[in-house]
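**Student:**
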Amino acid sequence: MRHLLAALVALALLIPVPAFAGPVQDLLQAHGSAIIKSSRKTIQPTIDAMAASGLPEVQLILQKWQAREIWQRKEDGQFFIGEEVEKRVYRLTDFDTGERVGDYPKKELKQVKPNSGVQAMIGTALVQFQLTDPDPSLRAAALDSIQRDPAPELLPPLRASIESETDPTLKAQKDRLNTLLTISYGADDAERIVAIDSMAGDLGVDVRATLNPLLDTTRKIADGDTPGTENVAKVLVPGTDLTETEAYDLIVAAWLAPARIEPDDIRNALAAHIDGGTVGSIPVATLSDPAKRVLAYDALAANGTVPPRVTPADQQAALAQFTIYDAYLEPSQQVTDAAQDALTDIELNVSLYQTLDLSLDALSLASIYFLAAIGLAITFGVMGVINMAHGEFIMMGAYTGYVIQQIIPDYTLSIIVAIPVAFLVTFGAGVAMERLVIRWLYHRPLETLLATFGISIALQQIAKNIFGTQARPLTSPAWLDGAWVMNDVVSISYIRIAIFCLAMIFLAVFLFIMNRTRLGLETRAVTQNPRMAGSMGINPDKVNMLTFGLGSGIAGIAGVAIGLYAKVTSELGSDYIVQSFMTVVVGGVGNIWGTLLGAGMIGFLQKGIEWMNPSNTLAAQTYMIIFIIIFIQFRPRGIIALKGRAAGD
Amino acid sequence: MSRSFFLKNPSVLVFIACLALFTLGATILSDGFGVGLISTSFIKTLGKTLCLCLVAIAMDLVWGYAGILSLGHMAFFGLGGYMIGMWLMYERTRLIITESMSNAAIPPTDQEVVDAIGTQIFGVVGSSDFPTIWLFSASLPMQLALVVLVPGLLALIFGWLAFRSRVTGVYLSILTQAMTLALALYLFQNDSGLRGNNGLSGLQNLPGLDAVPQSTLSVWFLWASALALGLGYVLIAWVVSGKFGSVIRGIRDDEARVRFLGYSVEGYKLFVFVLTAIIAGIAGALYYPQAGIINPAEMAPIASIYLAVWVAIGGRGRIYGAVIGAALVSLVSTWFTSGQVPSINLGVYTVNWVDWWQVVLGLSFVLVTLYAPKGIGGLFDLISGRTPPNRHGKDLGPDAGSLQEQEAEQ
Amino acid sequence: MSTLLEVSGVSVSFDGFRAINNLSFKIGPAEMRAIIGPNGAGKTTFMDIVTGKTRPDEGRVIWGDKSVNLLKMSEAKIAQAGVGRKFQRPTVFEDQSVFDNLMMAIKNDRTPWGVLFFKPKSSDNARAEELASEIGLADQLHRKSGELSHGQKQWLEIGMLLAQDPQLLLVDEPAAGMTLEEREHTTALLAEAAKTRAVVVVEHDMEFVRRLECKVTVLHEGSVLAEGSLDHVTQNQDVIDVYLGR
């Protein structure tokens, strides 16, 4: 057939028909009627003929055809590429010469309109051209389209194109796609099984998407044993795999047994047969008793007015008679077994990597808690001042970042500016708060708690009044977008990596300040014995002020980081405050390593609980808090506890 | 509770008299029983305020006297509300369902009625089955018992865990706050069995009393709330007046010392914690039928912190202080946030009190903590001239003699 | 001689620092004992261990005729068993009256329920008044104890200690901040108490210790350095080296 057509075309080339302009037109004319009245059932030979014609324009024709951009001129029946230049006027271009033929009103033209089925078939034919297209990006696009929409007929052109592929990446992709298509549409079982085995343990989502449909089942019912013709996945035992009622209902649904009479059916039947205040000689007024209803119904059934109830014995008999089983849609058992094995392998691998992914998630959550808590570790842990407005300092930092972004549109620059500005803003706020309020309340921790809480609600409301209640975006720079992808299972966004790094930097800065600087020394001195420190020339007022400012300033920077990760609202701080305190308390007050461990524990715990119950992050938080309350039973002073007299009772 | 108790504590009698006068006055001015000068909704506000006063005096007992700054008592309050709400909602739905089913051709079975109620109540969270916690919802006595038992048991378990591990001071506050947060988050879930964030609603309609107008009901609840407040006041005043009061104040001031006197501090704290949780539960059970709706947001930690704010503003360690604080702050808050207070036009900016009240409240709270640690109740000391020297600093030791730390620094 | 309290082989360390090192100590039911030693010798930690505030790493603390293990008991239980303690700094409940302070200390039912329904019997009131006059606060009975002077607070605390009616009194520097006259009164009180119960006094002041006329135990670096009469230990070369000589 193809050869014949090719010969015909060749003939047409040799003997130009004067009425027609070129080989393409000839080809189109040869299939004119099929093209105009295309249908899925009849068009395949035409498409094949075009594909086989070897004309350089074939791809163009098919594309234009698929895009419904081929128009027939009514006066002579010739086909052209049509392009709307103005309303109802089309500019026609000749296929062979590429020259403009002229502008025609729509009424003089007839559009070639392939339906969607035909369009898809044209698309398939196009693929082989695209797969060998000189442009690598087009080849990649063709591979993508095959991957999206695999079909058996794509397999031969794909295989044919592998040999000539020059790009190693694309070649690997083609090989992989070939294997996947072979799994689905390979010619024989042996070939498919080889392909399946070669994919065992592969983590790609595409592999699972290919293998899973092979294991799709339908639920069937057989009278007696399962028929040997079926590829049975599992025989379902009523009572273990599904309840007896469910099993019976399946049999009923297959019209193999009479339906059970439900309480609702009984009620409706009784209501339909009320006879002068009684049903089946039982008074209606007593029918609120289920037992009486059954009696009345049985009486009706005895008369033959309603179908009899299905007794448990009937149900058992039906269940004994029929076998309910799941059968694979795939007929070959070797293929399903191989697919099952391959999937088991893959799932094992996937779960290993999921554990890794979960750990990375937990680590990044822990970094966020650590960031939120490190300021508290200073004010609460070192100074013993409980600051309920700490969360609001985080919020202030985040809003500072937002405001800076409104002023400096460049995201990278604005973040670089925002971090020191946020520090300064919250440092100032912290110092002001220490001077005005907290200074007067040292040694009265509960009062400090309440006073700082008053500040917290005031700050929250002020933020709400200024910025409104809706969330404000704090956009991260483009280089922080995206994620570091290890494979289809494990990936971690750059923002989270950045937050992790920031947390580590904070830890280093904190350790440096506390252990290597004069401020750290003085802070520790003032914390341990303010009177003695004072007599040694340290000004405790100043040290307290600076330390508190430092803790608050760090909260501000944490705010910028958290703002990148979460939406900035006036409630941002209160979302983190309880977790932050938990982090410090669980870790052990007065020890930065404790805070680190506390954050790690809470982060991993929360992710772990979420993993066990993924649908419900609210419940995860509940269970986490309960766990912490119990944890404190065993280590009341946290993971790293100060012992002895230093702990102070 | 003998005559000598009232003789020794005349302020209790004064308070009871004021409460009785207030209730009588409100009744006379009400829509349902009197001249109608006070609207029904305001009667409800007054009734709710009395319930808040009740939970505030419980807070005063646990914080002002025993020194446990609990940030969880509004959770107990909410639990009490939920417990009574379950019965109210069940019973009212049952009456409506029975009414509508009575027209059916066949009288419904009990199971059909229960199923219909379940669909009606839990349809909103996409369920129709009764969760186990609704086991007793058909029985008013059982739910009334749960009003006391559920907050009491939760307080018992939590308190036992917290106190035995010697969690004190701010740690305990944070822990109670975490407990409240956990409870609120749990109730926010749809499958918590209490209708998630929809909460329970329609609680203002008492089952079987459809004929009684809300104007009358509101006064009944006002009476009930006043009675509960009166009884609670007397109970707490009695608890703190004797040796028990001495011991818990001792625990507040120096826990270790009380321990070395041979008192099991944990037992006392637990007793006070549970007792006040129960009082809070009862207050909640009276409050929410007047509010009409309860949802988990009411139990958020912030509510408990506000409770502490009221008590602090009113004056800790004196029961009438808590009542004054709760009544004053909650009524003024209602007034400001209802939008009835005229905005102040500053030219460049208009201060809208609905937006700024919260700021004023927060800052005034800071001011009270800083400058009036005794709260409004401290004014009574000024009036009565009872201003004992405030000597709460640590001793300086033998050398500085009888001066205290703070005095020496001045 | 029977033993009221026996501490044997007790050690405790804080973050690597051994505050008490294999300490053994015995005291009979009606005996006065003074403990002296330089700062950091472990005097206060020793009291903490006996009263249950600090748990030792090893060793035993046995109490009374029935040989109860004190290490298994809570502070409150130990106090109820008959160990009374007076702190270095007077710690009285400053918000409450002298009477309330004493009433709290007087031996009675200590359970919450019992205390809730407690009504002072006339004997309780009489006991409070008796104690108050003993400690010289009879006319201050209804003053807030926060208003008392330092010395008066010390007295009140001793009064509360006696009110508990303990079998063993642990007294930490009772005479600090007192005038000579007050010291004498204190000595007399303690001596009187030691007739019927055991009294352990921790004191720095050698004059005061001498006045107590009792057996002396010298602690150093967490263990017993010497024991005997004051004259005996003050002539001990070790004691002179580590304590008196300095």
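Protein chains in written order, with our numbering: chain Z, -16 to 632; chain F, 7 to 416; chain P, 8 to 253.
Ideal Cβ positions, reconstructed from N, Cα and C, are used throughout, including at glycine.
(1) Could you run through the segment 258 to 276 of chain F and flag, in chain order, every residue whose CB is less than 9 Å away from some CB of chain P?
(2) When the Cα of S563 (chain Z) is compared with those of Z:A446, Z:A349 and Z:P140, which residue comes out closest?
(3) Quick check: the Cα distance between Y377 (chain F) and F136 (chain F), rounded to an integer number of angstroms?
(4) Across which residues does DSSP place G85 (chain Z) in a beta bridge pair?
(5) What does a CB cutoff of less than 6 Å around G73 (chain F) pick up in its chain, not counting 5 residues either side in sequence?
(6) Rounded to a whole number of angstroms, what is the C-alpha to C-alpha distance between A314 (chain F) and F610 (chain Z)?
(7) What is the DSSP secondary structure of M65 (chain F), reduced to helix, strand or coil?
(8) V156 (chain F) touches chain Z at which residues, Cβ-Cβ below 7 Å?
(9) Taking the alpha-carbon positions, what's the D146 (chain P) to L155 (chain P) distance?
(10) Residue ranges of each beta strand (DSSP E) run of no fewer than 3 residues wholly in the segment 449 to 534 of chain Z, ordered along the chain?
(11) Spatial neighbours of E91 (chain Z) within its chain, please: C-beta separation below 8 Å, excluding the five flanking residues on both sides.
(12) Quick one: list the residues of chain P neighbouring R322 (chain F), beta-carbon separation under 7 Å, in chain order.
(13) Going along chain F, which residues have a C-beta under 8 Å from A434 (chain Z)?
(14) Hey, is I26 (chain Z) close to the ligand ZN, as in C-beta under 7 Å from one of its heavy atoms?
(15) Just checking, does the segment 278 to 289 of chain F make contact with the segment 185 to 199 of chain F on the three C-beta pairs under 8 Å criterion?
(16) In chain F, which residues lie with their C-beta within 9 Å of the C-beta of A83 (chain P)?
(17) Assuming E136 (chain Z) is part of the beta strand (DSSP E), what are its boundary residues?
(18) Which whole-angstrom value describes the C-beta separation of Q149 (chain F) and M95 (chain F), a residue pair presumed to lie in contact below a C-beta threshold of 8 Å?
(19) Compute the Euclidean distance between the alpha carbons of M167 (chain P) and N115 (chain P), then round it to the nearest angstrom.
(20) Quick one: what does DSSP say F194 (chain F) is sitting in, helix, strand or coil?
(21) So is F194 (chain F) in contact with chain Z if we call contact Cβ pairs under 8 Å?
(22) So, does the CB of V68 (chain P) fall closer than 8 Å to a CB anywhere in chain F?
(23) Helix, strand or coil for K70 (chain Z)? Go by DSSP, reduced to three states.
(24) Do you know how far the Cα of I615 (chain Z) is from the Cα of D72 (chain P)?
(25) Should I163 (chain F) be labelled buried (16 or more other beta-carbon atoms within 10 Å of its own) or exposed?
(26) Please tell me whether R255 (chain F) has its Cβ less than 8 Å away from any Cβ of chain P.
(27) Out of curiosity, what's the CA-to-CA distance linking Q103 (chain P) and I399 (chain Z)?
(28) Would DSSP call Y311 (chain Z) helix, strand or coil?
(29) Identify the contact partners of T115 (chain F) in chain Z, using a Cβ-Cβ distance below 9 Å as the criterion.
(30) Around the C-beta of R220 (chain Z), are 16 or more other C-beta atoms found within 10 angstroms, so that it is buried, or is it exposed?
(31) Counting C-beta neighbours from all protein chains within 10 Å, is the total for C484 (chain Z) 16 or more, i.e. buried, or is it exposed?
(32) For M111 (chain P), return the contacting residues in chain F, with the cut-off set at a CB-CB distance below 9 Å.
(33) For chain Z, find out if any of its Cβ atoms is closer than 8 Å to the Cβ of G70 (chain F); answer yes or no.
(34) Hey, how far is the Cα of M469 (chain Z) from the Cα of L339 (chain Z)?
(35) Let me check one thing: in DSSP terms, what residues is H227 (chain P) bridge-paired to?
(36) N527 (chain Z) touches chain F at which residues, Cβ-Cβ below 7 Å?
**Tutor:** Well, looking at it:
(1) So the close ones are R258, D259, D260, A262, R263, V264, R265, F266, L267, G268, Y269, S270, V271, E272, G273, Y274 and L276.
(2) Of the candidates Z:A446, Z:A349 and Z:P140, Z:A349 places its Cα closest to the Cα of S563 (chain Z).
(3) Answer to the nearest angstrom: the Cα atoms are 53 Å apart.
(4) Checking the DSSP bridge columns, you'll see G85 (chain Z) partnered with Z:L75.
(5) Within the same chain, G73 (chain F) has close Cβ partners R258.
(6) Taking the straight line joining both Cα atoms gives about 26 Å.
(7) In this structure, M65 (chain F) counts as helix in the three-state DSSP scheme.
(8) Near V156 (chain F) there are no residues of chain Z at all, since even the closest Cβ is about 17 Å away, more than 7 Å.
(9) One C-alpha to the other measures close to 12 Å.
(10) For the segment 449 to 534 of chain Z, whole beta strand (DSSP E) runs of length 3 or above, ordered along the chain, are 466 to 468 and 474 to 476.
(11) By the criterion of a C-beta distance shorter than 8 Å, E91 (chain Z) is surrounded in its chain by R56, K57 and E58, once the five residues flanking it on both sides are discounted.
(12) Close to R322 (chain F), with beta-carbon spacing below 7 Å, lies no residue of chain P; the smallest spacing is near 12 Å.
(13) Per Cβ cutoff of 8 Å: F371, V372, T375 and L376.
(14) Annotation note on the ligand ZN: not contained in the displayed structure, which lists no ligands.
(15) They do not touch, by the three-pair rule.
(16) Correct list: V264, R265, F266, L267, G268, Y269, S270, V271, E272 and G273.
(17) From DSSP, E136 (chain Z) is part of no beta strand (DSSP E); its letter is neither H nor E.
(18) Not really, about 10 Å apart at Cβ, beyond 8 Å.
(19) For the pair M167 (chain P) and N115 (chain P), the Cα-to-Cα distance works out to about 13 Å.
(20) If DSSP states are grouped into helix, strand and coil, F194 (chain F) belongs with the helices.
(21) At least one beta carbon of chain Z lies nearer than 8 Å to the beta carbon of F194 (chain F).
(22) Not closer than 8 Å to any Cβ of chain F, the Cβ of V68 (chain P) fails to qualify, so no.
(23) The three-state reading of DSSP puts K70 (chain Z) in coil, since its state is none of H, G, I, E or B.
(24) One C-alpha to the other measures close to 38 Å.
(25) The residue is exposed, with fewer than 16 neighbouring Cβ atoms inside 10 Å.
(26) Yes - at least one Cβ of chain P is within 8 Å of the one on R255 (chain F).
(27) Taking the straight line from one Cα to the other gives about 59 Å.
(28) DSSP places Y311 (chain Z) in strand when its eight states are reduced to three.
(29) P246, R250, L270, S271, D272, P273 and R276, listed in chain order.
(30) According to the sequence displayed, residue 220 (chain Z) carries Val and not Arg. A residue is called buried when at least 16 other Cβ atoms come within 10 angstroms of its Cβ; V220 (chain Z) does not meet this threshold and is exposed.
(31) The residue in question, C484 (chain Z), is exposed, as its Cβ has fewer than 16 Cβ neighbours within 10 Å.
(32) Among the residues of chain F, those whose CB is under 9 Å from the CB of M111 (chain P) are K249, S252, V253, G256, V264, L267 and Y269, following chain order.
(33) No, G70 (chain F) does not count as interfacial toward chain Z.
(34) Computed Cα separation, rounded: 11 Å.
(35) As a beta-bridge residue in DSSP terms, H227 (chain P) pairs with P:S230.
(36) Residues of chain F passing the Cβ test: none, with the nearest at roughly 15 Å.
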